[in-house]
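The sequence shown begins at 441 in the numbering used here and counts up one residue at a time. All C-beta atoms in this analysis are idealised placements derived from N, C-alpha and C, irrespective of residue type, glycine included. Remarks on the structure that follows.
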Amino acid sequence: MFRLIIYMMLFSFGWSIGLQALVIPQKATVIATSGAGIGGYIDGSINPAALSYIKPHLGVSDNLWYADISGIKSNWSFGKNIHRVFSIESIGLDDIEHHITNEVDPLGYVEAKWIAVDFSSAVDLNKLINDAKGFSLGYNIKLNYSKLHTERYWGYSIDIGLQKRINDKLSLGFVTKNFGREYSLSGIDQIENYLGLGVAYKAASIRNNIYFDWIYSDNRNIFKFALKTDFKYVNLVLGTSYSKDSYKDFSYGFNFELRNWAITFGSILHSNSELGTPKSVELKKYF
């Protein structure tokens, strides 16, 4: 029954709406930092403006979310002058017990499914403004469809990100996410959007990249912090998210790169152990 409640929270409100403070492990790269990195160049799903600094690649992630929900995300990153990303993700289970009363034996089993398609792109600011040095801009468009038993939901959301590279060590970031709507047979829901600011600093003396983010969503302040080592082949990642009286987590992971291949593992520990421990493994091939 507890798992059914989690599914209803997820699928009743759509992927983009509820649980903004939670890290949804679409990629190990993201979950390892607890979603921190708005000012850095970690992943376009954290800040679409980072696409200008991310190498083209093919990637696939095997993800385990809360309450044993599992899924896969595949992405294709391409483009020389203007970097773009196309991705598709799916999660769900088909063995959720269906109860109408408090009887021990279920009446049957129902399924919960989520499918989404993303298109992200960097923007050539040189065509828009005269002096765009150090600035990068990007956007992401997501279309989603989900179902839980007889309920159906579909919608769209748009994210926009901006970054300013101050120098080789320091960069700043801004992102606004979830501009869109969710539709169902019963009506239309406005998606709760949020704003985020981030700082990224490369501490060469200790071979670490430091990320600090502030996010405002649903009348809450969410703070994120992450560290990622800066070595040639193997790097460790630690992260945390905190919102007063509502949410706290700790994340960790590692990244291994050799030639044009990379494998990343990420996991997150939530303050409520009953939610489970999300994990993700991601494989990339760079071009």
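Three-way DSSP call (helix, strand, coil) for residue i in this model
{"i": "W455", "result": "Because the pLDDT of W455 is 38, which lies under 50, any placement of that residue in the model is unreliable, and the question is left without a value."}
{"i": "N515", "result": "strand"}
{"i": "I606", "result": "coil"}
{"i": "N659", "result": "coil"}
{"i": "L491", "result": "helix"}
{"i": "L450", "result": "Per-residue confidence for L450 stands at a pLDDT of 49, beneath the threshold of 50, marking its modelled position as unreliable; the derived number appears in the next sentence. L450: helix per DSSP, three-state reduction."}
{"i": "K567", "result": "helix"}
{"i": "D689", "result": "strand"}
{"i": "Y481", "result": "coil"}
{"i": "E632", "result": "coil"}
{"i": "I555", "result": "strand"}
{"i": "H523", "result": "coil"}
{"i": "V463", "result": "Here the model assigns V463 a pLDDT of 44, short of 50, so the residue's position is not dependable, and the following value carries that caveat. V463: coil per DSSP, three-state reduction."}
{"i": "K573", "result": "coil"}
{"i": "G627", "result": "strand"}
{"i": "S560", "result": "strand"}
Best match in the options for proximity to residue i [C-alpha to C-alpha]
{"i": "L678", "options": "A468, T473, Q466, L504", "result": "T473"}
{"i": "F652", "options": "Y596, Y481, Q466", "result": "Y481"}
{"i": "S561", "options": "D599, I531, K587", "result": "D599"}
{"i": "G595", "options": "S586, G601, R699, L602", "result": "S586"}
{"i": "R524", "options": "K609, S501, Y726, I494", "result": "I494"}
{"i": "S597", "options": "G613, S645, N633", "result": "N633"}
{"i": "E591", "options": "N566, S720, L612, Y623", "result": "Y623"}
{"i": "H497", "options": "N487, I509, V470, G519", "result": "G519"}
{"i": "I528", "options": "S691, A572, K467", "result": "K467"}
{"i": "S530", "options": "S514, N521, I522, I555", "result": "I555"}
{"i": "S691", "options": "D685, I703, A666, N675", "result": "A666"}
{"i": "N695", "options": "L676, Y682, A552, Q603", "result": "L676"}
{"i": "N584", "options": "F559, K725, V563", "result": "F559"}
{"i": "Y682", "options": "G499, G532, Y656", "result": "Y656"}
{"i": "P488", "options": "V615, I471, A476", "result": "V615"}
{"i": "N618", "options": "D629, L612, S611, L625", "result": "D629"}
{"i": "A552", "options": "K567, K582, G532, G620", "result": "G532"}
Exposure label - residue i; buried when at least 16 CB within 10 Å
{"i": "S492", "result": "buried"}
{"i": "Y673", "result": "exposed"}
{"i": "I478", "result": "buried"}
{"i": "R605", "result": "buried"}
{"i": "L698", "result": "exposed"}
{"i": "W516", "result": "exposed"}
{"i": "G574", "result": "exposed"}
{"i": "V557", "result": "exposed"}
{"i": "H710", "result": "buried"}
{"i": "N739", "result": "For residue 739 there is no data in the structure shown, the boundaries of the chain being 441 and 727."}
{"i": "I646", "result": "exposed"}
{"i": "D689", "result": "buried"}
{"i": "L588", "result": "buried"}
{"i": "T469", "result": "buried"}
{"i": "A640", "result": "buried"}
{"i": "Q603", "result": "buried"}
Residues bridged to residue i (per DSSP)
{"i": "S597", "result": "K582, G620"}
{"i": "V721", "result": "D502, F705"}
{"i": "T669", "result": "N648"}
{"i": "K497", "result": "In the sequence under discussion, the amino acid at residue 497 is His, which differs from the Lys named in the question. Its beta-bridge partners are S517, Y726."}
{"i": "N675", "result": "N695"}
{"i": "H589", "result": "DSSP output for H589 lists no bridge partner at all."}
{"i": "S474", "result": "Looking at the DSSP assignment, S474 forms no beta bridge with any residue, so it has no partner."}
{"i": "I531", "result": "G511, W554"}
{"i": "K664", "result": "D653, S681"}
{"i": "G414", "result": "Any property of residue 414 remains undetermined from this structure, which presents the chain solely from 441 to 727."}
Boundaries (first-last residue) of the alpha helix (DSSP H) holding residue i
{"i": "T468", "result": "Looking at the sequence shown, residue 468 is not Thr but Ala. Note, A468: alpha helix (DSSP H), 468–471."}
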